[in-house]
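A.B. asks: One point on numbering: in the UniProt record's numbering, the residue at position 18 of the sequence shown is 18, and numbering is uninterrupted. The beta carbon of each residue, even a glycine, is placed where N, CA and C say it ideally should be. Below you'll find the structure I mean.
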Amino acid sequence: MAALRCAATRRAAHASALCLRRRAAAPSGLGGHRASSAAAPAALALALQRSAPLPSRERWAALHALCPPAPRRPTLPPEALEPVPPEILTPLLEQTLAELPSYGGADVAAAAGGLAALRAQSAEECEQAWARLEEHAVGLASAQAIEPADAAATLLAFSRAHKPLPRLCHALAFALQPRLAELSADGLCDVALAYAISFSRFPDEMADFASRGVRLPRRPLAALARDALLPRLTAASNFHLVHAAFAFVLLRLVNPLVFDAVSAVASARLGSFTPTELMRLVALCTMPMHVNSPFAQLVFDEVQHRLADFPPVEMVRAVHGLVHARRDEEHLFLKAAALLRPHLRELEPMYLSKLAWSLAKASITPPGLFEELAESLAPGLDELTAYHLTLVAWSFAVVDLPSKALFFAREGEDSAFVRCLSAHPLNAFDNASSLRLYQWMAWREEIRAREASERKGTHDGEGGILAMTPLPFELQHICSEYLKTAQSEPQRAHKAQQHFTRFVCKHLSHCLTNVQPEVRTDLGYSLDLVVTASDGKPVAIEFDGPYHYVGFSKRLNGNTLLKQRQIRAAGWRLLSIPYWEWTRQDLPPEDRLRYRQEYLLRRLNLIVHGADPMI
1 MAALRCAATR RAAHASALCL RRRAAAPSGL GGHRASSAAA PAALALALQR SAPLPSRERW
61 AALHALCPPA PRRPTLPPEA LEPVPPEILT PLLEQTLAEL PSYGGADVAA AAGGLAALRA
121 QSAEECEQAW ARLEEHAVGL ASAQAIEPAD AAATLLAFSR AHKPLPRLCH ALAFALQPRL
181 AELSADGLCD VALAYAISFS RFPDEMADFA SRGVRLPRRP LAALARDALL PRLTAASNFH
241 LVHAAFAFVL LRLVNPLVFD AVSAVASARL GSFTPTELMR LVALCTMPMH VNSPFAQLVF
301 DEVQHRLADF PPVEMVRAVH GLVHARRDEE HLFLKAAALL RPHLRELEPM YLSKLAWSLA
361 KASITPPGLF EELAESLAPG LDELTAYHLT LVAWSFAVVD LPSKALFFAR EGEDSAFVRC
421 LSAHPLNAFD NASSLRLYQW MAWREEIRAR EASERKGTHD GEGGILAMTP LPFELQHICS
481 EYLKTAQSEP QRAHKAQQHF TRFVCKHLSH CLTNVQPEVR TDLGYSLDLV VTASDGKPVA
541 IEFDGPYHYV GFSKRLNGNT LLKQRQIRAA GWRLLSIPYW EWTRQDLPPE DRLRYRQEYL
601 LRRLNLIVHG ADPMI
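Printed below as a string of structure tokens:
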């Protein structure tokens, strides 16, 4: 009878927890539902209080079911998610600490999984339990008293709770290493993912631990897990398959064998992956060596086909990943922009900044979208990191949209954007961020010059005049100093430009006047060539190689558009030469030389007469 009562209690606890979990995850606008769900925690508390005979792992499993899922971006506001009540959490933590010396590996794994589910709700209350669990798990691992499946589950729980615990990773790694073959395919995936999370989130802590003389098997264990997994990859669930692939990306363990194995299994399952799982495959497919593979195209097509089913956050990640990989998926970008417009205010400011950067970088500017982005960003600017603030600055400079909500303030006041920038220490701005801010500073001067020439100011709607607030002096100095030594384009792009410059200087200088290679402007931009045109005035010549365009399209990317606009705004006449018009590999060498000479002179003549179609 006692066993029957115990089983009934277990079922009641689990059912109560699942009831609350379903209600917590229901659509918004649930005032009545939230009130009716208040009885669920009490029911579970009563069930747990009566379940002292239940094993620890089953109590934790019941609590785990109570907790709502913890995605990176909840779909509900925090107040819509029920916290775990103290009458449940406090006794459970006390029981756990009291019973911990008797815990085996399965109990440790269950408790760690339950604590990981609570990480966003009860961090302070759980810290002592985390520390004691780590100490006990290390002891079990050192004594080889933990089963591989429990070690893998514990490792993953600690990493998902964002615990920088190199000591635990070290101990569990050496307990796992000789017994990896005993793990299931999903367990092997968990090991790889746990190490990827730990090393990507806490590289400094891990490096510091290693520097004290303890060898951390970072790549060896993950590589062993990878090698053990590949022959059994078909046995992995969708979730574990894509997360293992993502882990190998983070740990730089992807080779052609791994990519081929993952793509062979995933190709047959594409239609069954969730949006989040598809995004893990996008991370794999956007690696430079795989981005143009047939499997990558299959994944990108599947994303576009199912984009309407993606949560807004996953849409942003899809666009950001593809733009970062230099893919020209214009139809997907436009579709995502249209689908996201009604949901902009639901997105965290971080995702809004990534969306703005991605669309600006890919030269995707649907009418009115950036105005809506500005309105959605303004209330949450103070939540952005220095890095994300510079993404916002650069994006609006590219699309040339001086938003009053972001960048303007009354005379003597700082704009919301400048106030938020000033809140970050100067060392928070790396070289790339400094370059973006420098370009924003140049854009600000462009706006001021435009307003002065048009004798038109910006007003606040109440008769007051607004000004585009400058950056703090210290930050201006850092950005200016960086640009003195930094190049404006990636080094890969320079190779094609330097070849163009050498060719013109060697073969075409006889038909040009005063050829000057690599001229740096007052703004800090480097021009490929400056020549004197037939009217005696200088013309800047820029060779636009493949990296100046979005993927393999003929659409200039945001970096190039901004640079060219700012060069022209500074008073330069600019001749932009697309690489496909210049190379003409289809012509014989002798014809190619003559063609290039005629092409360059014709374009220069058009520039002189103000009729160049590229302007």
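From which residue to which residue does the beta strand (DSSP E) around D260 run?
C.D. replies: From DSSP, D260 is part of no beta strand (DSSP E) but of the alpha helix (DSSP H) over 256 to 267.
A.B. asks: Can you list, in chain order, the residues of its chain whose CB lies under 6 Å from that of D190, leaving out five sequence neighbours each side?
C.D. replies: A152, L156, listed in sequence order.
A.B. asks: Where are the beta strand (DSSP E) runs, 3 residues long or more, that stay fully inside the stretch 119 to 177, in chain order?
C.D. replies: The stretch 119 to 177 contains no complete beta strand (DSSP E) run of 3 or more residues.
A.B. asks: How would you label F552, buried or exposed, when you count the other beta carbons within 10 angstroms and need 16 or more for buried?
C.D. replies: exposed
A.B. asks: Are there 16 or more other CB atoms within 10 angstroms of the CB of N559, so buried, or fewer, so exposed?
C.D. replies: buried
A.B. asks: Beta-carbon separation of C479 and Y438 under 8 Å?
C.D. replies: yes
A.B. asks: Return the first residue and the last residue of the beta strand (DSSP E) that I197 is part of.
C.D. replies: No beta strand (DSSP E) contains I197, which is instead part of the alpha helix (DSSP H) from 185 to 201.
A.B. asks: Mind reading off the beta-carbon distance from M279 to E314? Whole number of angstroms is fine, and I expect it under 8 Å.
C.D. replies: 6 Å
A.B. asks: Around the Cβ of M468, are there at least 16 other Cβ atoms within 10 angstroms (buried) or fewer (exposed)?
C.D. replies: buried
A.B. asks: The beta strand (DSSP E) with L529 in it runs from where to where?
C.D. replies: 526 to 532
A.B. asks: Whole angstroms are fine: how far does the CA of S453 sit from the CA of R603?
C.D. replies: Distance between the alpha carbons of R603 and S453 is about 29 Å.
A.B. asks: With a Cβ-Cβ cutoff of 8 Å, do S353 and V392 count as a contact?
C.D. replies: yes
A.B. asks: What number of angstroms, rounded off, separates the C-alpha of D260 from the C-alpha of S102?
C.D. replies: 45 Å
A.B. asks: Taking DSSP as the reference, what is the three-state secondary structure of L575?
C.D. replies: strand
A.B. asks: Does the structure place the stretch 135 to 151 close enough to the stretch 83 to 98 that three or more beta carbon pairs sit under 8 Å?
C.D. replies: no
A.B. asks: Suppose you measure from the CA of R596 to the CA of Q585; what does that come to, to the nearest Å?
C.D. replies: 11 Å
A.B. asks: Here's the rule I'm using: 16 or more other beta-carbon atoms within 10 Å means buried, otherwise exposed. How should A26 be labelled?
C.D. replies: For A26, the predicted structure reports a pLDDT of 37, less than 50, and the residue's modelled location is therefore unreliable. The matter cannot be settled from this model.
A.B. asks: Check whether the stretch 573 to 591 and the stretch 418 to 426 touch, using three or more Cβ-Cβ pairs below 8 Å as the test.
C.D. replies: no
A.B. asks: Evaluate L216 with the Cβ neighbour count: other Cβ atoms within 10 Å of its Cβ, from every protein chain shown; 16 or more gives buried, anything less gives exposed.
C.D. replies: Because the pLDDT at L216 is just 44, under 50, the model does not fix this residue reliably, and the value given afterwards should be weighed accordingly. With 16 or more Cβ atoms within 10 Å of its Cβ, L216 is classed as buried.
A.B. asks: If we count Cβ pairs, one from each stretch, closer than 8 Å, do we get three or more for the stretch 372 to 383 versus the stretch 404 to 416?
C.D. replies: With a cut-off of 8 Å, the stretch 404 to 416 and the stretch 372 to 383 count as touching, because enough Cβ pairs lie within range.
A.B. asks: Look up H549 in the DSSP assignment and give the residues it is bridged to.
C.D. replies: Checking the displayed sequence, the identity of residue 549 turns out to be Tyr instead of His. Per DSSP, L556.
A.B. asks: Go ahead and pull the three-state DSSP assignment for residue 624.
C.D. replies: The structure shown does not extend to residue 624, since the chain spans only 1 to 615, so no value can be given for it.
A.B. asks: Return the residue from the list A196, A143, A173, A175 that minimises the CA-CA distance to H162.
C.D. replies: Of the listed residues, the one whose Cα sits closest to H162 is A196.
A.B. asks: For R573, which residues from the same chain have a beta carbon less than 6 Å from its beta carbon, with the 5 sequence-adjacent residues on both sides left out?
C.D. replies: V539, I607
A.B. asks: For the ligand SAH, any of its heavy atoms closer than 7 Å to the Cβ of G368?
C.D. replies: The ligand SAH is not part of this structure, which contains no ligands at all.
A.B. asks: Helix, strand or coil: which one does DSSP assign to E94?
C.D. replies: helix
A.B. asks: Is the Cβ-Cβ distance between A336 and V399 less than 8 Å?
C.D. replies: no
A.B. asks: Start and end of the beta strand (DSSP E) containing V515?
C.D. replies: 513 to 520
A.B. asks: Determine, using beta carbons only, whether L183 and T154 come nearer to each other than 8 Å.
C.D. replies: no
A.B. asks: Measuring CA to CA, which of N431, P367, A362 is closest to T390?
C.D. replies: The candidate whose alpha carbon is nearest that of T390 is N431.
A.B. asks: Alpha carbon to alpha carbon, how far is P256 from S293? Give it in angstroms, no decimals.
C.D. replies: So the two alpha carbons sit approximately 11 Å from each other.
A.B. asks: Please state the DSSP three-state secondary structure of F429.
C.D. replies: Judged by DSSP in its simplified three-state form, F429 adopts coil rather than helix or strand.
A.B. asks: Using alpha carbons as the reference points, say which of L89, R565, H548, G571 lies closest to R326.
C.D. replies: H548
A.B. asks: Would you mind working out which of R568, V550, V249, D544 sits nearest residue 648, comparing C-alpha positions?
C.D. replies: Summary: the structure shown does not reach residue 648, with the chain confined to residues 1 through 615, and so no result is reported for it.
A.B. asks: E598 to R568, Cα distance in whole Å?
C.D. replies: 24 Å
A.B. asks: Would you tell me roughly how many angstroms separate the C-alpha atoms of L401 and L307, rounded to the nearest one?
C.D. replies: 28 Å
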